[in-house]
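Heads up, the sequence shown is in the working numbering, so the first residue is 13 and it goes up one at a time.
Just so it is clear, CB atoms sit at the ideal spot from N, CA and C, and this is done for glycine as well.
Below is one structure, written out as structure tokens; comments come after it.
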Amino acid sequence: MLKHFLFLLLFSCFTVQAKQTLKSSLPVEAHASLPNASQMNLSPDGNKIAFVQNAKGTLFLVVFDLKTGEKRYVTRTDNLNATLNWFDWVNNDLLVMGVSSTLVQKGVRYTSSALRRFDLTEKDAEIRNVLRMSRGVHNAQFQDNVISMLPDDPEHILLSIDLDIPNKPSVYKVNVRTGKRNRIERPKKNINSWIADQQGNVRIMRQIDDTTITYSLKDKKSGDWNKLFEYEVFSVEEVTILGFDNDPNILYFKANYQDTSALFKMDLSSEKRERELVYHDKDYDVDGSLVYSEKTQAVVGFSHSQFDDFISYWDEDLANLQKAIGKAIPDSTNIIMDTDKSGDKYILYTAADDHAGAYLYGDRANNTLDYIISRYPQIEGELYNGKNNVKYIARDKTEIEGYITYPADYEQGKSYPAIVLPHGGPMARDYAGFDYWSEFFAHHGYLVFQPNFRGSSGYGFSFENAAVGGWGQAMQDDLQDAANWLVEQGYTTKNKMCIAGGSYGGYAALMALVKHPDTFQCAASFAGVSDLDAIYSSARYFTNKDIVRKQIGTDRDKLEQVSPINFADKMTKPVLLIHGSEDSVVSVKHSRLMAEELEDAEKKVKYIELKDGSHHLKYQPYRVRTLQEMLAFFDKHLM
């Protein structure tokens with residue numbers, strides 16, 4: 013059992029200041045900066061921590077030796093031309109990582125990735141490419157799709173990559189240190205991805221034929237592939253495979269059960285292969301993943317956003333550890349992020365309404381827990397009420413859940429300028445917990461509402477499926493109903509609301525001025541879609557074109573009727589458009605042409621193009637500028 017006084021001594025070093033009661037004036041950089049630290053990863057022996065550390069917008073991959081105190085800088089990036097996607101330990105001295113960049117081919121922007129490694133045993137070690145391409149080998153777009161770290165093999169990984177036939181991946185066993193590779197599986201017709209079991213054997217392949225998904229299982233004896241699951245995308249039969257237990261016959265997956273996604277398992281050695289229900293939440297989709305023991309490679313629990321600490325442990329020892337941590341650090345979300353091979357050493361992430369999160373290093377053998385670093389130390393003591401869960405009823409009596417972040421000087425019963433902030437996706441959702449957008453605007457005096465409108469994930473099949481061919485329809489009306497609800501509850505007044513968002517959220521902000529022109533006083537769109545017919549057309553350049561088209565809808569006349577670009581003349585309120593020039597998800601043309609249409613219609617519009625910027629605001633100067641511009645825009649039209 014962990015000793016409580018250790019936690020109390022620890023947390024005394026970053027106890028937050030008393031909350032301010034007046035609107036504060038922290039610089040924009042305080043909220044807009046990338047996290048001070050992220051992606052903590054413990055070496056197999058528990059003696060080293062690899063993590064990303066931010067230094068004035070430059071991100072360093074750092075290795076810290078807990079025994080010697082030595083700190084090594086592996087690589088760095090500012091996220092403008094290259095992004096560190098992930099990294100992991102192959103063994104105690106060897107790191108492997110995926111790095112992505114944006115390329116242009118035939119006028120189409122796309123993301124490419126490479127696999128690199130860093131060997132701590134090398135003198136003057138530097139980042140090196142793992143793969144060595146030879147003549148006659150296809151130069152794959154994505155080269156970092158690792159499907160198994162092979163925990164019992166300290167030199168190799170399994171890599172899914174299309175070296176043999178473009179867009180049809182094979183599986184290779186790759187020596188990370190030397191780059192030598194051996195093909196394990198050849199590409200198959202319509203192959204999209206592969207899944208390995210905990211022993212590193214490739215067991216399942218996923219194929220996509222237009223909009224049909226097929227999972228096939230490899231017979232251990234014959235080597236033949238037999239159909240396991242098959243369904244149409246966006247159908248109630250959809251299955252998401254989560255992974256194998258350490259028993260290679262036990263497979264876990266998510267599937268629909270009474271309209272929400274539930275956790276199931278299946279014994280593949282059984283002739284009937286019946287689904288066994290493991291966990292079901294009648295109100296929410298199970299939206300997490302399996303949790304594995306680094307020691308045994310067994311499934312020891314699973315994560316779900318509705319759990320208090322996001323993880324439910326089946327393993328009694330880990331469940332007791334989680335309870336002890338919860339008692340010692342109450343009123344916080346405490347998540348064990350990683351453990352060493354023995355399970356004795358671990359990384360803990362803890363966060364609460366009044367602090368944006370910190371990482372700690374635990375050692376169960378010595379009964380200690382030490383502070384490592386905070387994610388946003390510059391705003392500790394400046395967080396107010398956090399996100400508050402609320403529900404409202406839409407015009408057709410559908411219940412919609414969302415989150416309100418109260419402004420800095422919030423007093424119950426008082427009215428405030430408000431920002432409705434729909435998420436991107438649209439088949440995604442907002443969650444409780446720290447959000448730099450909502451906290452930033454709340455810090456500067458705004459009440460922020462993030463409704464999980466219809467089409468959002470997490471609330472069941474019927475709710476999410478409203479996004480399929482539903483852009484600009486009920487999911488758009490839900491945003492107006494959210495605004496009306498804020499007025500009815502006395503949070504704000506009708507002439508004191510704007511709407512803003514990124515990606516799909518940017519589309520929804522623009523469409524709000526078309527469909528409900530009297531509801532909002534302005535709209536701000538970052539990387540927003542303005543022309544759905546252009547999305548339909550550009551989908552032809554991508555392998556998943558049929559799925560994209562099914563999601564947005566295939567009736568091109570209807571797509572034109574729900575595309576903001578065709579209704580610039582109806583937008584009577586001011587518009588702010590911000591877009592990265594190298595956006596590979598939503599082309600910058602969406603904002604360029606939207607701005608031109610608004611200017612031609614003599615509407616109030618400001619367009620800002622971020623040179624070499626991407627879709628995700630990972631480059632800190634652009635993150636700062638985006639929030640600066642939005643704040644000035646809202647202040648001008650609401651304050």
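{"Asked": "Between the alpha carbons of T70 and G110, how many angstroms are there, rounded?", "Found": "18 Å"}
{"Asked": "Put G518 into one of helix, strand or coil per three-state DSSP.", "Found": "helix"}
{"Asked": "Whose C-alpha, out of D356, S112 and T190, is nearest the C-alpha of N97?", "Found": "S112"}
{"Asked": "Pull up the distance between the alpha-carbon of D131 and that of K60, whole angstroms please.", "Found": "14 Å"}
{"Asked": "Considering only C-alpha positions, which residue in the set G482, N238 and L330 is nearest to K570?", "Found": "G482"}
{"Asked": "Alpha helix (DSSP H) containing V149: first to last residue?", "Found": "Taken as a continuous stretch (DSSP letters only), V149 belongs to no alpha helix (DSSP H), as it is neither H nor E."}
{"Asked": "Need the endpoints of the alpha helix (DSSP H) that V636 sits in, please.", "Found": "Q632 to L650"}
{"Asked": "Evaluate D136 with the Cβ neighbour count: other Cβ atoms within 10 Å of its Cβ, from every protein chain shown; 16 or more gives buried, anything less gives exposed.", "Found": "exposed"}
{"Asked": "Evaluate Q424 with the Cβ neighbour count: other Cβ atoms within 10 Å of its Cβ, from every protein chain shown; 16 or more gives buried, anything less gives exposed.", "Found": "exposed"}
{"Asked": "Buried or exposed for N93, please, with buried defined as at least 16 other CB atoms from any protein chain shown within 10 angstroms of its CB.", "Found": "exposed"}
{"Asked": "In this structure, how does DSSP classify R376 when only helix, strand and coil are distinguished?", "Found": "coil"}
{"Asked": "Just the C-alpha distance for F265 and S301, rounded to the nearest angstrom, thanks.", "Found": "9 Å"}
{"Asked": "For N91, count the other beta carbons within 10 Å of its own beta carbon; 16 or more makes it buried, fewer makes it exposed. Which is it?", "Found": "buried"}
{"Asked": "Using 8 Å as the threshold, is the region 561-580 in touch with the region 541-553, meaning 3 or more CB pairs across them?", "Found": "yes"}
{"Asked": "Can you give me the Cβ contacts of N213 inside the same chain, cut-off strictly under 6 Å, excluding the 5 residues immediately before and after it?", "Found": "none"}
{"Asked": "Within the same chain, show all residues whose beta-carbon is closer than 6 Å to that of V460, passing over the 5 residues directly before and after it, in chain order.", "Found": "T417, I431, L433, S450, F453 and A454"}
{"Asked": "In the DSSP output, which residue or residues are listed as bridge partners for C510?", "Found": "I431"}
{"Asked": "How many Å lie between N332 and S468 at the Cα?", "Found": "34 Å"}
{"Asked": "Strictly by DSSP, which residues pair up with R121?", "Found": "V116"}
{"Asked": "What do you reckon, are the CB atoms on N157 and I169 nearer than 8 Å?", "Found": "no"}
{"Asked": "Scan the region 575-632 and note each continuous beta strand (DSSP E) run of 3 residues or more that stays entirely inside, going in chain order.", "Found": "587-592 and 617-622"}
{"Asked": "Comparing alpha-carbon positions, which option in L263, S549, F645 and V116 lies nearest D567?", "Found": "S549"}
{"Asked": "Rank A274, T308 and Y516 by C-alpha distance to the C-alpha of D297 and give the top, closest one.", "Found": "A274"}
{"Asked": "Helix, strand or coil for S550 per DSSP?", "Found": "helix"}
{"Asked": "In the DSSP assignment, what residue or residues form a beta bridge with K266?", "Found": "T252 and L275"}
{"Asked": "If distances are taken between C-alpha atoms only, which option among K353, S281, S324 and L289 comes closest to T308?", "Found": "K353"}
{"Asked": "Is DSSP giving L319 helix, strand or coil here?", "Found": "Contrary to the premise, residue 319 reads as Phe rather than Leu in this sequence. F319: coil per DSSP, three-state reduction."}
{"Asked": "For N346, is the classification buried or exposed, using 16 other Cβ atoms within 10 angstroms of its Cβ as the cut-off for buried?", "Found": "buried"}
{"Asked": "Output yes or no for whether 8 Å exceeds the beta carbon distance between P199 and I216.", "Found": "no"}
{"Asked": "Where does M487 sit, in a helix, a strand or coil, going by DSSP?", "Found": "helix"}
{"Asked": "Enumerate in chain order the residues of its own chain whose CB-to-CB distance from D231 is below 8 Å, with the five nearest sequence positions on each side excluded.", "Found": "W237 and N238"}
{"Asked": "Are the beta-carbon atoms of G625 and Y634 separated by less than 8 Å?", "Found": "yes"}
{"Asked": "Measuring CB atoms only, is the region 280-295 touching the region 334-346, in the sense that at least three cross pairs come out at less than 8 Å?", "Found": "no"}
{"Asked": "Need the endpoints of the alpha helix (DSSP H) that E423 sits in, please.", "Found": "Counting along the chain, E423 falls outside any alpha helix (DSSP H), and DSSP gives it neither H nor E."}
{"Asked": "Could you tell me which uninterrupted beta strand (DSSP E) segments, each at least 3 residues in length, are contained entirely in the region 333-420, listed from first to last along the chain?", "Found": "345-351, 357-364, 367-375, 380-386, 399-405 and 411-417"}
{"Asked": "Are A62 and L107 touching if we call contact CB-CB under 8 Å?", "Found": "yes"}
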